[in-house]
Amino acid sequence: MKKKIRFIINPISGGVKKAKVPQMIEEHLDHSLFEYDIAITQYKKHAKSIAEESAREGIDIVCAVGGDGSVHEVGTALVGTKCHLAIIPTGSGNGLARHLKIPLKTPMAIQNINGLYSLLMDTGLANDKPFLGVGGYGFDAFIAKRFDEYHIRGFWGYTQLVYEEYFSYNPPKMKIQLENETIKGKFLLGSIANSSEFGNGFCISPKSNVHDGKMEFVMLSKFAFWKTLGILSRFFFKRIEGSKHIRIVSFEKARIILEVPLAHYDGEPFEVRKEINIQIIPQSLYVLAGKGYFQQHQLPLPGVTEG
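For the sequence shown, the working numbering begins at 35 and goes up steadily by one.
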């Protein structure tokens, strides 16, 4: 029996037009394995409602065609269901897609779906808000809010915003309560990482993966301006351990007390309570990963299945 797959296309993610995506799906999807339809989002949070309805309908796979925001909407709607998340990354960051080794070129991403490389991944829960990859409570949350307010799209728009806001940003105080210790400080970044990447190669937590039953909390203290290139290179070249400005701790549950109640989850900004309880939800979302993810982590490679 063919599997049913629904493609949810965000037409504006990353500032990239998606007019050719339906044709690419028709050309590169294996029609002996799938029957498909396409839904186009019309407004914010529309992808979430389409995904929820798809799971209720018994659709086997829902594919987010868009950036990190689209993946967040679709993926969090599928947590705890039997419906698989697939991703065709067309955004400016594509953090989770990069972590899962999903090809960034659309034809290859569609062909990757044909492989049905199914992974049961962990997700996170921050109070009542589920998330998939990375969240944060520092400068990254502040920028995510500005990015959303200014309706900026694309990598260069994001980079310009970071440059304009960095010098006036005052890191907020945070208190992180773990099982065995409490950490206090003012942190430029206070990031929770289920996956490893923010996006665009910026690796916030190189050792994080979505199948180990834990998350990492990454704390970056503010540093002298002349150290900027050195600190950034550590994130892009996955060498963050060893810096006196960076600390990483693993956890399954944590409580965070914030001076400024602002957060982002998977790049989407949220106003939150000042006290946040965070926990990992093991093996809670079926996802179609890239073949390279299984090879990287030496996991058994699933084969194409029928039914």
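Ideal Cβ positions, reconstructed from N, Cα and C, are used throughout, including at glycine.
Bear in mind the structure is a predicted one, so any value in this text is a computation, not a measurement.
{"Check": "Is it buried or exposed for N161, if we count other Cβ within 10 angstroms and need 16 for buried?", "Outcome": "exposed"}
{"Check": "Hey, could you find the ends of the alpha helix (DSSP H) Q57 is sitting in?", "Outcome": "V55 to H62"}
{"Check": "Closest to T124 by C-alpha separation, out of A111, P141 and L112, would be which residue?", "Outcome": "P141"}
{"Check": "Thinking C-beta only, is V113 closer than 7 Å to T157?", "Outcome": "yes"}
{"Check": "With a threshold of 6 Å on Cβ separation, who are the neighbours of I274 within its own chain once the five nearest residues in sequence on each side are excluded?", "Outcome": "R268 and I280"}
{"Check": "On a CA-only basis, which of I290, P336 and L223 is nearest L254? Give me that one, please.", "Outcome": "L223"}
{"Check": "So what's V196 in DSSP terms, helix, strand or just coil?", "Outcome": "helix"}
{"Check": "Tell me where the beta strand (DSSP E) around S284 begins and ends.", "Outcome": "I280 to F285"}
{"Check": "I need the straight-line Cα distance from Q57 to I72, nearest angstrom please.", "Outcome": "11 Å"}
{"Check": "Going by Cα to Cα distance, which pick from K325, Q332, S318 and R180 is closest to L154?", "Outcome": "S318"}
{"Check": "So what's E340 in DSSP terms, helix, strand or just coil?", "Outcome": "At E340, the pLDDT of 40 sits below 50, so the modelled position is not reliable; the number obtained from the coordinates is stated separately. Three-state result, E340: coil."}
{"Check": "Checking contacts by CB at 7 Å: is L119 closer than that to chain B?", "Outcome": "Among the chains of the structure shown, chain B does not appear; only one protein chain is present."}
{"Check": "Helix or strand or just coil, what does DSSP make of Y171?", "Outcome": "coil"}
{"Check": "If you count every other CB in all the chains shown that lies within 10 Å of the CB of P334, and 16 or more means buried, which is it?", "Outcome": "exposed"}
{"Check": "Could you check whether A175 and H298 sit closer than 7 Å to each other, using their CB atoms as the reference points?", "Outcome": "yes"}
{"Check": "On the DSSP bridge assignment, give the partners of K207 in chain order.", "Outcome": "K220"}
{"Check": "With H, G and I counted as helix, E and B as strand and the rest as coil, what does DSSP make of Y327?", "Outcome": "helix"}
{"Check": "What residue range does the alpha helix (DSSP H) around G276 cover?", "Outcome": "Here G276 belongs to no alpha helix (DSSP H), and DSSP marks it neither H nor E."}
{"Check": "Looking only at its chain, what residues have a beta carbon closer than 6 Å to the beta carbon of V338, apart from the 5 residues adjacent to it on each side?", "Outcome": "Only weak support exists for where V338 lies, its pLDDT of 47 falling under 50; the value from the coordinates is given anyway. Taken in chain order, the residues that qualify are L150."}
{"Check": "I believe N148 touches D64 by the beta-carbon criterion, under 8 Å. Please report the beta-carbon distance rounded to the nearest angstrom.", "Outcome": "4 Å"}
{"Check": "Is the beta carbon of G129 less than 7 Å from the beta carbon of F232?", "Outcome": "yes"}
{"Check": "I need the straight-line Cα distance from R289 to L134, nearest angstrom please.", "Outcome": "28 Å"}
{"Check": "At which residues does the beta strand (DSSP E) containing N1 begin and terminate?", "Outcome": "Because the chain here runs from 35 to 341, residue 1 falls outside it and cannot be looked at."}
{"Check": "Since M142 is in the alpha helix (DSSP H), which residue starts that stretch and which ends it?", "Outcome": "T140 to N148"}
{"Check": "Could you work out which residue in S284, G301 and E309 is closest to P295 when comparing CA atoms only?", "Outcome": "E309"}
{"Check": "Report the rounded CA-to-CA distance for G247 versus R90, giving the unit in angstroms.", "Outcome": "27 Å"}
{"Check": "So, helix, strand or coil for A297, using DSSP?", "Outcome": "strand"}
{"Check": "What residues match up with K37 in a beta bridge as DSSP calls it?", "Outcome": "F68"}
{"Check": "Roughly how many angstroms separate the alpha carbons of N204 and F251, rounded to a whole number?", "Outcome": "20 Å"}
{"Check": "For the alpha helix (DSSP H) holding E86, just list the boundary residues, first then last.", "Outcome": "H80 to E91"}
{"Check": "Rounded to the nearest angstrom, how far is the Cβ of L166 from that of N228, given a contact under 8 Å?", "Outcome": "7 Å"}
{"Check": "When DSSP builds the beta bridges, which residues end up paired with H106?", "Outcome": "In the DSSP output, where bridge partners are listed per residue, H106 has none listed."}
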